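Chains as they are written, first to last, in my numbering: chain A, 317 to 842; chain B, 8 to 403.
Yeah, the Cβ is synthetic: ideal placement off N, Cα and C, and Gly gets one too.
Here the structure is a predicted model, which is why all the values come from computation and not from measurement.
I have placed the structure first, in the form of structure tokens, so that the comments after it can refer back to it.
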Amino acid sequence: MATEATEVTGGGPAEARRRSPAIECRGVTRRYAGVVANDQIDLEVAEGEIHALVGENGAGKSTLMKMLYGLEQPDEGEILVRGQPQVIDSPRKAIELRIGMVHQHFMLVDDFTVAENIVLGAEPSRGGGRLDREAAQQRVGELARGFGTPLDPDARVEDIGVGQQQRVEILKLLYRGADILILDEPTAVLVPQEVEELFDHMRQLKADGHTIIFIAHSLDEVLQVADRITVLRDGKVIGTVQAVDTDTHQVAEMMVGRPVLLRRVEGKATTGEPMLQVKDLRVTVGGKELVAGLDLDVRRSEIYGLAGVEGNGQAELVEALVGLATPDTGRIYLDDDELTRADVRTRRQAGLAYIPEDRQARGMVLQMLVTENSVLGQQEREPFSRRGLLDLKAIRRRAVELVRSFRVKVPSVAAPAYALSGGNQQKLVLGREFASSPKLLIAAHPTRGLDIGATQFVWQELVEARDEGVAVLLISSNLEEILALADRVGVIHDGRIVAQFRGTEATMSELGLYMTGARSGDEDVA
Amino acid sequence: MKVEEERPPPPEPEPQAEEAAARLPWGQRIRGWGLQLLAPVVSLVIAAIIGILVIVVVQRSWSDVSDVAGAMWSYGLFNRNSVAFILGRATPLIFAGLAVAIAFKAGLFNIGVEGQYAIGALCAAYVGYQFSAPTVIHLPLTILAGMAGGMLWAAVPALLKVYRGAHEVISTIMMNFVANAVLLYLLSGAMKDPNQRGGIAQQQTPPIKPSAQVGSMVPFFNKLGFDFRGSAPVTWFFVLAVVAAILYALTVRRTRFGFELRVLGANPRAAEPAGIRSNAMVMKAMLLSGALAGLIGLQDVLGIDDRMKLDYIRGYGFTGIAIALLGRNSGLGIVAAGLLFSFLDRGSSGLALSTDVPKEVTDILKGIIILTIVIAYEVVRRMTARRQLREQHERA
Numbered sequence: 317m318a319t320e321a322t323e324v325t326g327g328g329p330a331e332a333r334r335r336s337p338a339i340e341c342r343g344v345t346r347r348y349a350g351v352v353a354n355d356q357i358d359l360e361v362a363e364g365e366i367h368a369l370v371g372e373n374g375a376g377k378s379t380l381m382k383m384l385y386g387l388e389q390p391d392e393g394e395i396l397v398r399g400q401p402q403v404i405d406s407p408r409k410a411i412e413l414r415i416g417m418v419h420q421h422f423m424l425v426d427d428f429t430v431a432e433n434i435v436l437g438a439e440p441s442r443g444g445g446r447l448d449r450e451a452a453q454q455r456v457g458e459l460a461r462g463f464g465t466p467l468d469p470d471a472r473v474e475d476i477g478v479g480q481q482q483r484v485e486i487l488k489l490l491y492r493g494a495d496i497l498i499l500d501e502p503t504a505v506l507v508p509q510e511v512e513e514l515f516d517h518m519r520q521l522k523a524d525g526h527t528i529i530f531i532a533h534s535l536d537e538v539l540q541v542a543d544r545i546t547v548l549r550d551g552k553v554i555g556t557v558q559a560v561d562t563d564t565h566q567v568a569e570m571m572v573g574r575p576v577l578l579r580r581v582e583g584k585a586t587t588g589e590p591m592l593q594v595k596d597l598r599v600t601v602g603g604k605e606l607v608a609g610l611d612l613d614v615r616r617s618e619i620y621g622l623a624g625v626e627g628n629g630q631a632e633l634v635e636a637l638v639g640l641a642t643p644d645t646g647r648i649y650l651d652d653d654e655l656t657r658a659d660v661r662t663r664r665q666a667g668l669a670y671i672p673e674d675r676q677a678r679g680m681v682l683q684m685l686v687t688e689n690s691v692l693g694q695q696e697r698e699p700f701s702r703r704g705l706l707d708l709k710a711i712r713r714r715a716v717e718l719v720r721s722f723r724v725k726v727p728s729v730a731a732p733a734y735a736l737s738g739g740n741q742q743k744l745v746l747g748r749e750f751a752s753s754p755k756l757l758i759a760a761h762p763t764r765g766l767d768i769g770a771t772q773f774v775w776q777e778l779v780e781a782r783d784e785g786v787a788v789l790l791i792s793s794n795l796e797e798i799l800a801l802a803d804r805v806g807v808i809h810d811g812r813i814v815a816q817f818r819g820t821e822a823t824m825s826e827l828g829l830y831m832t833g834a835r836s837g838d839e840d841v842a
Numbered sequence: 008m009k010v011e012e013e014r015p016p017p018p019e020p021e022p023q024a025e026e027a028a029a030r031l032p033w034g035q036r037i038r039g040w041g042l043q044l045l046a047p048v049v050s051l052v053i054a055a056i057i058g059i060l061v062i063v064v065v066q067r068s069w070s071d072v073s074d075v076a077g078a079m080w081s082y083g084l085f086n087r088n089s090v091a092f093i094l095g096r097a098t099p100l101i102f103a104g105l106a107v108a109i110a111f112k113a114g115l116f117n118i119g120v121e122g123q124y125a126i127g128a129l130c131a132a133y134v135g136y137q138f139s140a141p142t143v144i145h146l147p148l149t150i151l152a153g154m155a156g157g158m159l160w161a162a163v164p165a166l167l168k169v170y171r172g173a174h175e176v177i178s179t180i181m182m183n184f185v186a187n188a189v190l191l192y193l194l195s196g197a198m199k200d201p202n203q204r205g206g207i208a209q210q211q212t213p214p215i216k217p218s219a220q221v222g223s224m225v226p227f228f229n230k231l232g233f234d235f236r237g238s239a240p241v242t243w244f245f246v247l248a249v250v251a252a253i254l255y256a257l258t259v260r261r262t263r264f265g266f267e268l269r270v271l272g273a274n275p276r277a278a279e280p281a282g283i284r285s286n287a288m289v290m291k292a293m294l295l296s297g298a299l300a301g302l303i304g305l306q307d308v309l310g311i312d313d314r315m316k317l318d319y320i321r322g323y324g325f326t327g328i329a330i331a332l333l334g335r336n337s338g339l340g341i342v343a344a345g346l347l348f349s350f351l352d353r354g355s356s357g358l359a360l361s362t363d364v365p366k367e368v369t370d371i372l373k374g375i376i377i378l379t380i381v382i383a384y385e386v387v388r389r390m391t392a393r394r395q396l397r398e399q400h401e402r403a
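Encoded structure:
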């Protein structure tokens, strides 16, 4: 399973302190409706270490953590906590085992004070169900001091910053006696200074004997704070390495897989004039400028691959391009039309097709029929509707066509969309957008969640669309996919395109350097 | 812990074109309809059982149960005027159900139907008594005025929602209070009938001109062989209500507008990327809801009382919520639910006449029906979801 070259056995700085690891997974497997999320995972987290878990989206990190925290149960394999096999069937059980988890989205009550939030669920009481406020404040004060952090126990959670809220979450776990802490992408919500503070806290917790497992995307951060790093890919453990023995290159390569796995899908690409042009686009969300002066053009008969670590402005860029978000400044042109301020319908009429990242939530209506979902977004087009009246026969024909050519497995086109499995729902959305004969196709992570066969099929469709003259903007955090398809590759980092390559000239390690911010500065070889 | 059998991954499924193209097989379709009917039927049965228990507790006698059932049945359906009464009484309830349902379809909860119909009726009454014109002009104008009044009252919460994000539940409730106050103010002031003779002047409008009155359906029914009293309260508005229900059903199923309405109601997050202009749809849905609400009171004002009176607020708007729920927001279902509630009303009059069971028992019955229907739908929904999930797993 794990590659011999990168496996480190018997490692961990805490080895001397105690024999049995804090957490040990043996052959843990978890399947969802036919998809293997975790495949024979072997993982060992030593007591008193900071253990990072990295991998692409969908690699199985969250599933694994959910099983450690009792939110999911393994189908096979066993989990040992401090050497004892345990069945963690609920978060309550996890807490009993002194395992705590800080979720990406905080679970705090905004109206309550810091102290109230920390004791919530395990309040010191004075009998008769009354809260012993002083005792609560005192306990929290002690905890915060021991943690070396200034935190006002009487402040209301909604009034304090995100970094402090995160500290409240961590204190909550300490208050319940947890000494194995799971942090799910703790840096995603923080600004750089807060990240530094968080790392200081993590080091201190480690010094106090706590064990920390944390999920992260930024490899620089991981190397900074972790003792050991375990890489997951496609639900499997690729290997565990000592942070001191490795670098971003090695970890990135482990994450995305070896270049030898790639098979470029060749078509008859004859790149034409620009179809989509984006000039100096800026999008601010919640006070953060997430797209920061981005320039981009995608040409007719071209697949432009946008590579980047998630959270660098891709989602916001797509929203601005589709018309779901309003840019602060900048211009967007499709063919000859300026669409900067146009709404979605106008853009769709101008020739935009859009495969949303979250296809179940934004790409379809589960309660409605397969037929109806087959024309969603194209409902105002002939022949599906004429003068405001739906042509149910034409809609049914389209649905049957899609089901046939995209091999969507359905009980019947007259069945509701929720009767389809996840993969088939995806295919329906993909097929519908391909079939809208667009000028520009924006595909956000089009193969996420698909198996290898379906992925290959979608790749083929993307190439065919390109060969027919469509401009394709492919957003993907999967570098294999970008390198397999893109005629040009742009790397997005901190809301800007920091480098562009010709598809055939880009290499995975070079892209990785730009993606993780290890190398910056504009480079344009395309 | 169960260990799943290791199975090789299934081969890429070849869809059978025929099967996909065909409609659902008949067996499945009938099963689907059965499931749709299951919830209302189950809830009616449960409501009846609880109703019986209530009667037993109130009257301390089992024989009263059969008396009540007999009285409701024979008086409710077979009294000389019962059919006319049921159809007439169902008319405003059908309009009310439709008004609530079209907002529901867009994911909006219009609790303001009550106020919207009051204002609509007020507008219609004004046009009805104030102006004179030949019937072909005057009556349609009066009806349009009613719809316009309802739309006006619905437009306020709609605008507040679109431009200020105010939740429609709160703003429509508030608008109900305002409507009530406006009604009181105008009926005891500017719109009060000045030509009342003797006694204490009633707070009511002048009579509607004959050219704006809508005809009774009694002569028509009596030609068909019925024997209704001339005063039986059924007018041609009943036909309008049925037509409205048909148009509603066609709009929801067969038009692009209805399609977009349903997408917005079922998954607003998918509506946006599909190019559906959510704000415009919210406006349209609320205005249509208000227009339908404006029709609710017109039978009473233009056909039965022939004027607007202070006792006018009769709770049709709130009942409409129950009708829409019971009728599953479908045109046919709403007509059926309207008729059922109307029958219960009629039956309760029979209780007062031939038993000593308080007629409030039927109100209890109606309340229980509404409660059980909500629960039964949820139960059936979960059953269906589970079944679907199971089938999906079997396929996977």
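Could you name the residues of the same chain whose beta carbon sits closer than 7 Å to that of residue i, not counting the 5 residues immediately before and after it, in chain order?
{"i": "Ile62/B", "result": "Asp71, Val72, Val75, Val364 and Val368"}
{"i": "Asn274/B", "result": "none"}
{"i": "Arg398/A", "result": "Ser336 and Ala338"}
{"i": "Glu589/A", "result": "Arg615 and Arg616"}
{"i": "Ala781/A", "result": "Phe750, Leu757 and Val788"}
With burial defined as no fewer than 16 other Cβ atoms inside 10 Å of the residue's Cβ, what is the status of residue i: buried or exposed?
{"i": "Pro217/B", "result": "exposed"}
{"i": "Lys112/B", "result": "buried"}
{"i": "His367/A", "result": "buried"}
{"i": "His174/B", "result": "exposed"}
{"i": "Asn286/B", "result": "exposed"}
{"i": "Ala29/B", "result": "With a pLDDT of 48 at Ala29/B, under the threshold of 50, the predicted position of this residue should be treated as unreliable, and no value is reported."}
{"i": "Pro575/A", "result": "Confidence at Pro575/A is low in this model, with a pLDDT of 42, below 50, so the placement of that residue should be treated as unreliable; the coordinate-derived value is given next. That one is exposed."}
{"i": "Glu784/A", "result": "exposed"}
{"i": "Ser178/B", "result": "buried"}
{"i": "Lys743/A", "result": "buried"}
{"i": "Phe116/B", "result": "exposed"}
{"i": "Gln630/A", "result": "buried"}
{"i": "Lys373/B", "result": "buried"}
{"i": "Ala245/B", "result": "Going by the sequence as given, residue 245/B is Phe instead of Ala. Buried, because 16 or more other Cβ atoms sit within 10 Å of the Cβ of Phe245/B."}
From the options, pick the residue whose C-alpha is nearest to that of residue i; which is it?
{"i": "Gly6/B", "options": "Arg67/B, Ile215/B and Met290/B", "result": "Outside the shown range of chain B, which is 8 to 403, sits residue 6/B, and nothing can be said about it."}
{"i": "Glu512/A", "options": "Ala781/A, Val538/A and Asp495/A", "result": "Val538/A"}
{"i": "Phe325/B", "options": "Val176/B, Gly77/B and Pro164/B", "result": "Val176/B"}
{"i": "Ala162/B", "options": "Gly297/B, Asp313/B, Asp352/B and Leu358/B", "result": "Gly297/B"}
{"i": "Ser441/A", "options": "Val430/A, Arg455/A and Phe428/A", "result": "Arg455/A"}
{"i": "Leu254/B", "options": "Ala165/B, Lys168/B, Ser337/B and Arg67/B", "result": "Ser337/B"}
{"i": "Asn689/A", "options": "Pro699/A, Glu698/A and Gln676/A", "result": "Gln676/A"}
{"i": "Leu257/B", "options": "Leu105/B, Leu332/B and Leu294/B", "result": "Leu105/B"}
{"i": "Ser349/B", "options": "Gly41/B, Pro99/B, Asp318/B and Phe85/B", "result": "Pro99/B"}
{"i": "Met417/A", "options": "Arg461/A, Gln482/A and Glu439/A", "result": "Gln482/A"}
{"i": "Ile619/A", "options": "Val788/A, Val660/A, Gln593/A and Gly609/A", "result": "Val788/A"}
{"i": "His421/A", "options": "Arg449/A, Ile486/A, Leu369/A and Val594/A", "result": "Ile486/A"}
{"i": "Pro262/A", "options": "Tyr491/A, Val484/A, Arg492/A and Ala494/A", "result": "Residue 262/A lies beyond the stretch modelled for chain A, which goes from 317 to 842, so this question has no answer here."}
Using C-beta distances below 8 Å, list every residue in its chain close to residue i, excluding the 5 sequence neighbours before and after it, in chain order.
{"i": "Leu577/A", "result": "Because the pLDDT of Leu577/A is 36, which lies under 50, any placement of that residue in the model is unreliable, and the number read from its coordinates should be weighed accordingly. Excluding residues within five positions, the ones whose Cβ falls inside 8 Å are Glu796."}
{"i": "Asp318/B", "result": "none"}
Under 6 Å Cβ to Cβ from residue i, same chain only, skipping five residues before and after it: list those, please.
{"i": "Glu673/A", "result": "Ala760 and His761"}
**Request:** Closer than 8 Å, Cβ to Cβ, to anything on chain A: give me those residues from the stretch 280-291 of chain B, in chain order.
**Result:** Pro280, Ala281, Gly282, Ile283 and Arg284
**Prompt:** With contact counted as at least three CB pairs below 8 Å, one residue from each stretch, are the stretch 268-288 of chain B and the stretch 644-654 of chain A in contact?
**Reply:** Three or more beta-carbon pairs separated by less than 8 Å are not found between the stretch 268-288 of chain B and the stretch 644-654 of chain A, which leaves the two stretches without contact.
**Message:** Residues of the stretch 671-688 of chain A in Cβ contact with chain B at a cutoff of 8 Å, in chain order, please.
**Reply:** Those would be Pro672, Ala677, Arg678, Gly679, Met680, Val681, Leu682, Gln683, Met684 and Glu688, in chain order.
**Message:** Counting only Cβ-Cβ distances shorter than 9 Å, please list the residues of the stretch 259-270 of chain B near chain A, keeping chain order.
**Reply:** Arg260, Arg261, Thr262, Arg263, Phe264, Gly265, Phe266, Glu267, Arg269 and Val270
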